[in-house]
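There are 2 protein chains.
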Amino acid sequence: MTLSIEEQRISFGRELIEAGWLIPTLADGVNGLGDPAEAVVEGLQAQASRIAKQQNYPALNTLRFPPVNSEQLLRRTDYVASFPQLMGLVSTFAGERKEHAALLAAAEAGESWQQQLEPSAFALIPAVCHPLYAHLEGRTVDGECYQLTGDCFRNEPSEDPFRMVAFRMREYVVLGSEAQARQHRDRWIELGEEMLSALGLEIVVESANDPFFGRAGRLLASGQREAKLKYELLTEVFPGHPTAIASGNWHQDHFGANFSITAADGSVAHSGCFGFGLERIMLALVARHGLELKDWPVPVRALLGL
Amino acid sequence: MTLSIEEQRISFGRELIEAGWLIPTLADGVNGLGDPAEAVVEGLQAQASRIAKQQNYPALNTLRFPPVNSEQLLRRTDYVASFPQLMGLVSTFAGERKEHAALLAAAEAGESWQQQLEPSAFALIPAVCHPLYAHLEGRTVDGECYQLTGDCFRNEPSEDPFRMVAFRMREYVVLGSEAQARQHRDRWIELGEEMLSALGLEIVVESANDPFFGRAGRLLASGQREAKLKYELLTEVFPGHPTAIASGNWHQDHFGANFSITAADGSVAHSGCFGFGLERIMLALVARHGLELKDWPVPVRALLGL
Numbered sequence: 025m026t027l028s029i030e031e032q033r034i035s036f037g038r039e040l041i042e043a044g045w046l047i048p049t050l051a052d053g054v055n056g057l058g059d060p061a062e063a064v065v066e067g068l069q070a071q072a073s074r075i076a077k078q079q080n081y082p083a084l085n086t087l088r089f090p091p092v093n094s095e096q097l098l099r100r101t102d103y104v105a106s107f108p109q110l111m112g113l114v115s116t117f118a119g120e121r122k123e124h125a126a127l128l129a130a131a132e133a134g135e136s137w138q139q140q141l142e143p144s145a146f147a148l149i150p151a152v153c154h155p156l157y158a159h160l161e162g163r164t165v166d167g168e169c170y171q172l173t174g175d176c177f178r179n180e181p182s183e184d185p186f187r188m189v190a191f192r193m194r195e196y197v198v199l200g201s202e203a204q205a206r207q208h209r210d211r212w213i214e215l216g217e218e219m220l221s222a223l224g225l226e227i228v229v230e231s232a233n234d235p236f237f238g239r240a241g242r243l244l245a246s247g248q249r250e251a252k253l254k255y256e257l258l259t260e261v262f263p264g265h266p267t268a269i270a271s272g273n274w275h276q277d278h279f280g281a282n283f284s285i286t287a288a289d290g291s292v293a294h295s296g297c298f299g300f301g302l303e304r305i306m307l308a309l310v311a312r313h314g315l316e317l318k319d320w321p322v323p324v325r326a327l328l329g330l
Numbered sequence: 025m026t027l028s029i030e031e032q033r034i035s036f037g038r039e040l041i042e043a044g045w046l047i048p049t050l051a052d053g054v055n056g057l058g059d060p061a062e063a064v065v066e067g068l069q070a071q072a073s074r075i076a077k078q079q080n081y082p083a084l085n086t087l088r089f090p091p092v093n094s095e096q097l098l099r100r101t102d103y104v105a106s107f108p109q110l111m112g113l114v115s116t117f118a119g120e121r122k123e124h125a126a127l128l129a130a131a132e133a134g135e136s137w138q139q140q141l142e143p144s145a146f147a148l149i150p151a152v153c154h155p156l157y158a159h160l161e162g163r164t165v166d167g168e169c170y171q172l173t174g175d176c177f178r179n180e181p182s183e184d185p186f187r188m189v190a191f192r193m194r195e196y197v198v199l200g201s202e203a204q205a206r207q208h209r210d211r212w213i214e215l216g217e218e219m220l221s222a223l224g225l226e227i228v229v230e231s232a233n234d235p236f237f238g239r240a241g242r243l244l245a246s247g248q249r250e251a252k253l254k255y256e257l258l259t260e261v262f263p264g265h266p267t268a269i270a271s272g273n274w275h276q277d278h279f280g281a282n283f284s285i286t287a288a289d290g291s292v293a294h295s296g297c298f299g300f301g302l303e304r305i306m307l308a309l310v311a312r313h314g315l316e317l318k319d320w321p322v323p324v325r326a327l328l329g330l
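In structure tokens:
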């Protein structure tokens, strides 16, 4: 009996849960990580850090932003315009005793008690590099590299373990001239491919596009693909069905213009980034090397410090 | 001229920003961490991990839960009843092209565009141990220890750098008999005090209570304090004004009952936890040792691996 690709994905998710790699939560599409999974994710971060340190950046800055930021950030990065279907905004409770009693009554009656909350100015970040652009607002940049790790939220609940609502990215971002931004992205596509290949994954690099919203979005997506702004590193977790586990992006001067960031020559700064999808890579490694971490190839465990 | 305690807190926050320890974001009360701050937070985690490994637990499990979970978790932990003022729920966009146009128009007009979103089933976690109780639902426990690190959200925006809306906790949680839960909490209060003292902080341990909501909440709070369920580890960052930087809690059988978790003898499981407020400890260390990480005492840097 042949399983469909959807059945294969769900079946793999169940194996991961049974073996303690993934921990289901009360929320659809949100998984915790068990002991071996978190150890692999930590190993991936350490390995990426080592590779980054070997490069010759004018500066390598490790910054850390929490998963919550402002609704302004979604507007000013054009995320509201381009990916409204993926956003998460935060509502809070500002009532007194009477409103609290009503809230609790609705919750206990099984009604949608969240209707009684008020929108706040907080929003979840969809990409770990977004807060960086706001941080650099009004500054001049010249090829400095930023190493960022953090949790992202994208509203696309799924039973596919490769499509989590909440997941971590490790990103390397350079801002500066067009050449600095593009070269950074291109260099890291090579570095990322080398790193993932050394871990036993067969990688294909392909031009790609983001899931822009709506009809106008389809034009943006095809423009992005034609201009070769985005490349994905894919691996065939399920034969015939490549899964993206990392990507390199050249944003042109999109963020530089929106946040008034200037290159050394006075022009609007360009930005380029490379992002590792940490949980996706970990899952691809399990698919490749099996559910028993101690049976993974010695060189792979050595690279991950396991 | 003497500064008020509020002015001292805000002034310290400005110094931290100028020196690159904290990075303001577009959201009130949300800070990113600069290079030295993140290095200290990583050092604190590594040091806590080393201490945990030296203890004799039947098992020490490192699990990792993302910052997003289900609204059910807020209800089932009684957070909606006890701390509604601190909650964060997630709203998302489920519209088509027409609704998107309206959303963008409101955003561009500077109106509260988030009013047009719909409540989702997602919520932010206020404490990193909450997803663990749901994970253990229906199981039997016998003193196993869980090591958890993650981002928490509590809606209390402030200019005080010690009161962040989004912050990280490292928690050690044991579930089992009443004795196992209490002894774990008490042991970690000692271990935590030793660890923080070795880093140069003067620590006082005091019985405390959580900020339960409303008039009924004040009774819960005073009951919690009288029953000595919660202890805080405080340090005088500002003379005469102790700040809590870690805490030990015995939840009695609150979570065991709500999630049907059973102790080895068949009774309802008790839980105890100890949590380090990672950013608060880092800030207390800066207040103690200064803004230049390289000038911190050699033994402190050695303990943090810096």
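Same order as they appear, the protein sequences are chains D and R.
Residues 25 to 330 (this note's numbering) are what the first sequence spells out, left to right.
Residues 25 to 330 (this note's numbering) are what the second sequence spells out, left to right.
From the three backbone atoms N, C-alpha and C, an ideal C-beta is built for every residue, glycine too.
Which term fits residue i, buried or exposed, when burial requires 16 or more other beta carbons within 10 angstroms of its beta carbon?
{"i": "P108 (chain D)", "result": "buried"}
{"i": "T26 (chain R)", "result": "exposed"}
{"i": "N80 (chain R)", "result": "exposed"}
{"i": "P235 (chain D)", "result": "exposed"}
{"i": "V92 (chain D)", "result": "buried"}
{"i": "A83 (chain D)", "result": "exposed"}
{"i": "K254 (chain R)", "result": "buried"}
{"i": "A129 (chain R)", "result": "exposed"}
{"i": "V228 (chain R)", "result": "exposed"}
{"i": "S136 (chain R)", "result": "exposed"}
{"i": "L243 (chain D)", "result": "exposed"}
{"i": "E195 (chain D)", "result": "buried"}
{"i": "G247 (chain R)", "result": "exposed"}
{"i": "V322 (chain R)", "result": "exposed"}
DSSP state of residue i, grouped into three classes?
{"i": "A245 (chain D)", "result": "helix"}
{"i": "H275 (chain R)", "result": "coil"}
{"i": "G167 (chain D)", "result": "coil"}
{"i": "N282 (chain D)", "result": "helix"}
{"i": "L223 (chain R)", "result": "coil"}
{"i": "S291 (chain R)", "result": "coil"}
{"i": "S35 (chain D)", "result": "helix"}
{"i": "P48 (chain D)", "result": "strand"}
{"i": "P155 (chain D)", "result": "helix"}
{"i": "M188 (chain R)", "result": "coil"}
{"i": "E250 (chain D)", "result": "helix"}
{"i": "G296 (chain R)", "result": "strand"}
{"i": "L199 (chain R)", "result": "strand"}
{"i": "G174 (chain D)", "result": "strand"}
{"i": "P16 (chain D)", "result": "Nothing can be reported for residue 16 (chain D), as the shown portion of chain D is limited to 25 through 330."}
Quick one: what's got a C-beta closer than 6 Å to residue i's C-beta in the same chain, skipping five residues either side?
{"i": "Q140 (chain R)", "result": "L127"}
{"i": "A287 (chain R)", "result": "G200, S201 and A293"}
{"i": "A118 (chain R)", "result": "E142"}
{"i": "D166 (chain R)", "result": "G200 and A288"}
{"i": "L181 (chain D)", "result": "Looking at the sequence provided, one finds Pro at residue 181 (chain D) rather than Leu. Excluding sequence neighbours, P181 (chain D) sits near D52, G53 and V189."}
{"i": "H154 (chain D)", "result": "L97 and T101"}
{"i": "A131 (chain R)", "result": "W137"}
{"i": "D232 (chain D)", "result": "For the record, residue 232 (chain D) in the displayed sequence is Ala; it is not Asp. K254 and E256."}
{"i": "F177 (chain D)", "result": "G112, L148 and A190"}
{"i": "V324 (chain D)", "result": "L223 and G224"}
From the options, pick the residue whose C-alpha is nearest to that of residue i; which is it?
{"i": "H313 (chain R)", "options": "R:E217, R:A222, R:D102 and R:Y196", "result": "R:A222"}
{"i": "Q276 (chain D)", "options": "D:E260, D:A205 and D:F298", "result": "D:A205"}
{"i": "A105 (chain D)", "options": "R:E316, R:H124, R:Q32 and R:E168", "result": "R:H124"}
{"i": "R187 (chain R)", "options": "R:G224, R:I305, R:P321 and R:I227", "result": "R:I305"}
{"i": "V197 (chain R)", "options": "R:A308, R:G280 and R:R242", "result": "R:G280"}
{"i": "Q96 (chain R)", "options": "R:R88, R:L87 and R:L113", "result": "R:L113"}
{"i": "P60 (chain R)", "options": "D:N85, D:V228 and D:V324", "result": "D:N85"}
{"i": "L98 (chain R)", "options": "R:R194, R:Q248, R:L68 and R:N282", "result": "R:N282"}
{"i": "Q78 (chain R)", "options": "R:W212, R:G162, R:L110 and R:M193", "result": "R:W212"}
{"i": "P90 (chain D)", "options": "D:F191, D:L68 and D:G134", "result": "D:F191"}
{"i": "G9 (chain R)", "options": "R:A245, R:S291, R:G301 and R:G247", "result": "Outside the modelled stretch of chain R, which goes from 25 to 330, sits residue 9 (chain R), for which no answer is possible."}
{"i": "S295 (chain D)", "options": "D:T164, D:E250, D:R325 and D:L225", "result": "D:T164"}
{"i": "E217 (chain R)", "options": "R:S35, R:E39, R:A72 and R:L57", "result": "R:A72"}
Here's a check: name, in chain order, each residue in its chain whose Cβ is nearer than 7 Å to the Cβ of residue i, leaving out the five neighbours to either side.
{"i": "I29 (chain R)", "result": "F262 and H265"}
{"i": "P48 (chain D)", "result": "I41 and N55"}
Using a Cβ-Cβ cut-off of 8 Å (strictly less than) and excluding sequence neighbours within five positions of residue i, which residues of its own chain qualify?
{"i": "T267 (chain D)", "result": "F186, L258, T259, E260, V261, R304 and A308"}
{"i": "G37 (chain R)", "result": "L46, E183, D184 and P185"}
{"i": "R88 (chain R)", "result": "L172, T173 and G174"}
{"i": "L330 (chain D)", "result": "A63, V64, G67, L317 and W320"}
{"i": "F146 (chain D)", "result": "V92, N93, S94, E95, L113, V114 and T116"}
Where in the region 62-149 of chain R do unbroken runs of the alpha helix (DSSP H), each at least 4 residues long, occur, reported from the N-terminal end onward? 95-100, 103-106 and 121-132
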